[in-house]
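Be aware that the sequence shown starts at -12, since it is given in this note's numbering, and climbs by one per residue.
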Amino acid sequence: MIRIFHGARELGTSGLVDDMHRDRKRIFVDLLKWEVPVIDGDYEIDQFDTDAAVYLVAAGPDGEHRGSIRLLPTNGDHILGSIFPGLCDQPVPRSPRIYEISRGCLSPRLRAPERREVRNALTTAAVQYAMMHGIWSFTCIADAGWLRQILSLGWDCRALGASRRIGRAMTGALRIDITTGTLDQLQEAGSYRSLPLALADLPEKVAA
């Protein structure tokens, strides 16, 4: 199942969201060595985890975090527009109809076949969410490894500028356009994986 959270959550109000932030810390801080905020030594939570954020979270049968992405409207603060606008040759795309995908995180507990399955489920859920909410496009920032995966998923995407080195990795920005044919494109590329979508029923609260 894919759970949809509108707005960040305070630590302790959702076990699934807490687990997501723990896995984000394990991946982005412990493994990739990103210099990003860590709360209470265990949770990766940054300045973009606000009530404007939308989270698509893949939950396992016991309610555990299997993978997640964060969506941010680009007419507000987001990573590409606020921190890395230089990755775009032209002005950063900004619109309430364009959302940024960030913090794509797959649980380190997953095996390789499960990682692919959860990645495809989150990709499909993002497109479904966009079509339900009138979102025209996604933008995203990714290093070379993730860029290759994003391009291979089958949807319409293009580079917003030349990749450049950020930290230890070559990094670029993409725009992904969503149309009525995008789900068919995912199916043709073998990256379509539809799971039930469910709105989270917790009260909306901003994370610390």
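All C-beta atoms, glycine included, are put in the ideal place defined by N, C-alpha and C. As the structure is a prediction and not an experimental result, all values here were calculated from the model.
Which residues DSSP lists as bridging residue 60, in chain order: Looking at the DSSP assignment, residue 60 forms a beta bridge with 86.
Segment contact, 8 Å Cβ cut-off, at least three pairs: the stretch 127 to 135 with the stretch 152 to 166: Yes, the stretch 127 to 135 touches the stretch 152 to 166.
Identified DSSP bridge partners for residue 101: In DSSP, residue 101 forms no bridge with anything.
Under the three-state DSSP convention, the category residue 162 falls into: Strand at residue 162.
Residue 5 Cβ short of 7 Å to the ligand NAD heavy atom set: This structure does not include the ligand NAD; it has no bound ligands of any sort.
Under the three-state DSSP convention, the category residue -7 falls into: Residue -7 falls in the strand class under three-state DSSP.
Member of -2, 86 and 8 whose CA lies at the smallest distance from the CA of residue 39: Ranking -2, 86 and 8 by Cα distance to residue 39 puts 86 first.
C-alpha gap between residue 11 and residue 98, whole angstroms: Residue 11 and residue 98: Cα-Cα distance of roughly 17 Å.
DSSP beta-bridge partners of residue 5: According to DSSP, residue 5 bridges with nothing at all.
Cβ shell of residue 225 (< 8 Å), same chain only, five flanking positions each side left out: Lying outside -12 to 195, the shown extent of the chain, residue 225 is not represented and no answer is given.
Neighbour-count burial assignment, residue 27, 16 or more Cβ in a 10 Å radius: So residue 27 counts as exposed.
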